[in-house]
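First comes the structure, then the notes that go with it.
Below, the structure written as structure tokens:
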């Protein structure tokens, strides 16, 4: 009887892990577009700063070009912030509503980092 | 007192020897009078106790949800409000943090007000709760935090942000007051607002009041010595040159932590300074992709993130959320971090303008390679010491004391930069996190190694001061 209980317990633990991983997979898939967009905005932001820096290093500085790029950067910033809000809320909500154990957390971390790596390609 | 008397009474009545003496030496009427006296004392003291021990729930019994949401908003406001550079942001976080703490301290067991513990606060009179009245500490916290945030951003807070913070205030108040007595709601709200009013008055005299209006604190003339900072972009004057004279929350955070310059400036190719610059140059040239990622991850540029302090607070918020802490624990944690971050930036900025040290990019382009480029943009202020290292050094000591037994071991993942398209980063220890943050400035090419190492020393000393000089309630482990 005790052995049967142990087996049921192990199966329940296994089932709950599988369920959590399924939920994590679903969450990662559903935020894929948002996450990739965030990575793209980030790259665009740094690219723009590079361009601004390149102009600023030359003398005389082309202030019109710098202002124009800064205006463009401001636009990206606002879009990026809006997106960051949505992503942040999604993530906070997800982690709050699903009590992930250590293994599930590691699984989540691996999956999300793999997604970001994929977005960069 | 009641328990002591009960204890005394119990022992008196149970101790046979004493009872014998009691019975044999006193007449019956005296015995009765003595017992009547003892019961009267007990009755009186227990009644007296009821009027002092008010029916307010302990802060420990409230959830921290609203407070965590306010800190989330604080980050957004820093990102979207003009003039909030790293020092200004740290100050805003600092004052909001002490106001929210003071609003709930009377509901925390063994809690001691900051009134006589923070530099200069004794000159201001913080309101005290009325002894025999009930308070709802979550409502007081809601009122104080809401008001203080609005004070710290002042007229620069955008209409959208005002709507956002007012809406959070109203929703929180509605939820908390649904089952509460209206008198308690009013009293608690007024108490929280008064705390914010006094803290705002206190903030006005620290030297950073409304500094977001003129963050560059002009006029300022940069010294023209060879070792001194020169502009690294179109920004011709450095940021907040007088910030180091601001009043810190703890005097010792400035007086006892200032480091001397460890390397003497020189352009000689055999000098230590030249070698330090060469090290930055070679590091940037040979950065791995991981190091570039680390440089950008911790950059926390003020254009799109809530600055280094905001990043540290986001990590704290994330840990508090995952630990599902109560209002009291969250409140103490935010207060400690706020005090440490505010003072870390003052101490750091004092060093920056005491030495006004040239940035690596300016030195390297002039004496080593005119085509040298950094990985990230060099911010517009002197090099020594590194602001990131100071603030994260201080933060690491606060994290360590809050969540570990002193060794700093605490495996966690920082998810806070996912929103900007960065990977989540795993850490096993808070010092490891602080070291990575400090090193990121070297990988970025914007700091010498000694800027970072000394910055960490300064920050950690400040964190330790905050942990030990202030009497904090002991329960967050």
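Chains as they are written, first to last, in our numbering: chain A, 12 to 132; chain B, 18 to 494.
Ideal Cβ placement from N, Cα and C applies to all residues, glycine included.
Contact of residue 106 (chain A) with chain B by beta-carbon distance below 9 Å involves 335, 338, 339, 432. In the DSSP assignment, residue 219 (chain B) falls within the unbroken alpha helix (DSSP H) covering 199–220. Shown in chain order are the members of the region 438–451 of chain B whose Cβ falls below 8 Å from a Cβ of chain A: 438, 439, 440, 441, 443. When Cβ-Cβ separations below 7 Å define contact, residue 436 (chain B) makes contact with chain A. The C-beta separation of residue 60 (chain A) from residue 438 (chain B) comes to about 15 Å, leaving the pair out of contact by the 8 Å criterion. Less than 7 Å separates the beta-carbon of residue 141 (chain B) from that of residue 219 (chain B). At a cut-off of 7 Å between C-beta atoms, residue 58 (chain A) does not count as an interface residue with respect to chain B. The bridge partners DSSP lists for residue 245 (chain B) are B:374. The beta carbon of residue 125 (chain A) does not come within 7 Å of any beta carbon belonging to chain B, so the residue lies off that interface. Contact between residue 98 (chain B) and residue 229 (chain B) holds: their C-beta atoms lie close to 7 Å from each other, under 8 Å. By the Cβ criterion, the region 303–312 of chain B is in contact with the region 449–462 of chain B, since at least three pairs of Cβ atoms, one from each stretch, lie closer than 8 Å. For the pair residue 350 (chain B) and residue 419 (chain B), the CB atoms are nearer than the 7 Å cut-off. Rounded to the nearest angstrom, the gap between the Cα atoms of residue 131 (chain B) and residue 139 (chain B) is 9 Å. Distance from the Cα of residue 214 (chain B) is smallest, within the candidate group B:161, B:123, B:280, for B:161. Of all residues in the region 458–482 of chain B, none places a beta-carbon less than 7 Å from a beta-carbon of chain A.
In the pairwise beta carbon analysis, the region 139–159 of chain B is classified as not touching the region 397–404 of chain B: fewer than three pairs are separated by under 8 Å. At a cut-off of 7 Å between C-beta atoms, residue 421 (chain B) does not count as an interface residue with respect to chain A.
Contact between the region 273–280 of chain B and the region 462–480 of chain B is established, with three or more Cβ pairs separated by less than 8 Å. At least one C-beta of chain A is nearer than 7 Å to the C-beta of residue 394 (chain B). Contact annotation for residue 72 (chain A) against chain B: 251 [CB-CB distance below 9 Å, chain order].
Under DSSP, residue 67 (chain A) takes part in no beta bridge, so it has no partner.
When DSSP states are grouped into helix, strand and coil, residue 304 (chain B) belongs to the coil group. Under the 8 Å Cβ criterion, the region 364–374 of chain B does not count as touching the region 109–126 of chain B, having fewer than three qualifying pairs.
For residue 313 (chain B), the neighbours in chain A by C-beta distance under 9 Å run, in chain order, 53, 57. Residues of chain A whose Cβ lies closer than 8 Å to the Cβ of residue 96 (chain B) are, in chain order, 92. The region 72–85 of chain A makes no contact with the region 94–103 of chain A; the number of CB pairs closer than 8 Å stays below 3. Distance from the CA atom of residue 186 (chain B) to the CA atom of residue 206 (chain B), rounded to whole angstroms, is 11 Å.
According to DSSP, residue 426 (chain B) shares a beta bridge with B:446.
For residue 76 (chain A), no CB of chain B lies under 7 Å from its own CB, so it is not counted at the interface with that chain.
At least one CB atom of chain B sits nearer than 7 Å to the CB of residue 120 (chain A).
A straight-line Cα-Cα distance of about 27 Å links residue 122 (chain B) and residue 427 (chain B). When only Cα atoms are considered, residue 164 (chain B) and residue 155 (chain B) end up about 14 Å apart. When Cβ-Cβ separations below 7 Å define contact, residue 79 (chain A) makes no contact with chain B. With a beta-carbon spacing of about 6 Å, residue 255 (chain B) and residue 246 (chain B) fall inside the 8 Å limit used to define contacts. Straight across, the Cα-Cα distance linking residue 337 (chain B) with residue 174 (chain B) is about 27 Å. Against chain B, the beta carbon of residue 116 (chain A) has neighbours under 8 Å at 430, listed in chain order.
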